[in-house]
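Using this note's numbering, you'd call the opening residue of the sequence shown number 209 and step up by one each time.
C-beta atoms are modelled at their ideal positions from N, C-alpha and C, and glycine is treated no differently.
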Amino acid sequence: PTLALPAGLSTTTPALLLGLVLTALGLAVTAPALTHLTGRVLQSVRPGALRLLAGRVLMEESTRIGRPLGIVCAVASAAYAMAALYTPGEPAFGPLTTLGTLLVTGCTIATLLTAAVEARQARADTTAALLRLGAPATMLRSAAALRAGALLALFTPLTLLVAELAALPLAR
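What follows is the structure, encoded as structure tokens:
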């Protein structure tokens, strides 16, 4: 038995859709560990104060921001795979497909931003203590930028890899 995907993308089997769901679940489950590993890599090999601070914060917040980051990675890879499979000669996406895509994408990004704000509020006391001890505010901003850059450096290629692998069986 086959299932037709919206907007003439392709037809697929239920087993393949189950595999895509399991891939998304796997990203959500492994993302906290990958975030923790990113923090450990940041603070390895003779780190300075900036890398040490960024790495420790990533390790501490890995459970809080890891799962939403994994879900965003899964949604982005599904969107990329869907865009890669779309053929211009087929009918365009309908309004419900567009609305569903925007709703799912918006909710996952809002969840990630909410987790980031919660993480920031959770470490507010630590940040205030560092500022009282004389740490420059630019160092704290640099540590936040370093954390964001390290997560982007890990999850962007991972998202693209998962998207390419997800689109592979559907392209046949």
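The Cβ atoms of G278 and L228 lie no closer than 7 Å to each other. Just so you know, the alpha carbons of R264 and R272 end up roughly 14 Å apart. Taken in chain order, the complete beta strand (DSSP E) segments of 3 or more residues contained in the region 319-370 number zero; there are none. In this structure, the alpha-carbon of L224 lies about 8 Å from that of P377. Remark: C-beta atoms of T243 and S270 approach each other more closely than 7 Å. The beta carbon of A262 lies closer than 6 Å to those of L250, A351, L354, R355 in the same chain, with the five residues before and after it left out.
In the three-state reduction of the DSSP assignment, S252 falls in the coil class. Apart from the 5 residues on each side of it in sequence, T322 has no Cβ closer than 6 Å to any other Cβ in its chain. Out of E372, A318, L230, the CA that lies nearest to the CA of P276 is found in A318.
Under the three-state reduction of DSSP output, G302 falls in the coil class, being neither helix nor strand. Contact annotation: L293 and A375 have beta-carbon atoms nearer than 7 Å.
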